Every structure is written in C-alpha cells, then in structure tokens.
Amino acid sequence: MTEEQQQILYELALISSVSRNINENLIKIIAVLQNPENKKQVAGNIQVLNRLMESLKYESTVSKDV
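Basically this note's numbering = 1-based index in the sequence shown + 13.
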C-alpha cells in the first residue's frame, strides 16, 4: 500500500469517526429537545457538535495541505 493510499484511508477513518460523533450528538440533541426543560444541555450539545464540525473542517484543510 502506498503512502498516499494510507493517507486516504486515515482521512476516511477520521471522517467516519467525526461523522459518527456528529450523529450521536444529533440523537442527543433531538432527545433533549423533546424536553424543553433541558435548555442548558441543548446548548452544550450544540457546542460539542459545532466543535466537531470545526475539527472536521480543520482536518480536511490540513490533509489537503499535506
């Protein structure tokens, strides 16, 4: 396997991991939204989701630069 192929596999694994984390947090957000008393938890989950999305954007940018 070439170094380029290994890099592609690494990036796919990273995207898969981040995507899984985003999906898990979306499920949590939906569950919490069903209970309007949990506004703080909703805000926290949205912040986590935003950080994960920023991480994905950063990793994507870094991998393009390599």
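Using N, Cα and C, we set each Cβ at its ideal position, and we do this for glycine too.
None of these values were measured; they are calculated from a predicted model.
Handout entry: For residue 50 and residue 33, the rounded distance between their alpha carbons
Key = Residue 33 sits at position 20 when you count from the first residue of the sequence shown. Residue 50 sits at position 37 when you count from the first residue of the sequence shown. Looking at the two C-alpha atoms, the distance is approximately 27 Å.
Exercise for the section: Identify which residue in 18, 23, 39, 20 has its Cα closest to the Cα of residue 63. Expected result: As a working mapping, residue 63 is identified with position 50 in the sequence shown. Taking only the C-alpha atoms, the option nearest residue 63 is 39.
Problem - Neighbourhood of residue 42 by C-beta, 8 Å cutoff - its chain only, sequence neighbours within 5 removed - result: Residue mapping note: residue 42 aligns to position 29 of the sequence shown, counting from 1. Closer than 8 Å at the Cβ level, and outside the excluded window around residue 42, lie 55, 58, 59, 62.
Practice task
Just the C-alpha distance for residue 71 and residue 25, rounded to the nearest angstrom, thanks.
Solution key: As a position in the sequence shown, residue 71 is number 58, starting the count at 1. As a position in the sequence shown, residue 25 is number 12, starting the count at 1. Rounded to whole angstroms, residue 71 and residue 25 show a C-alpha spacing of 14 Å.
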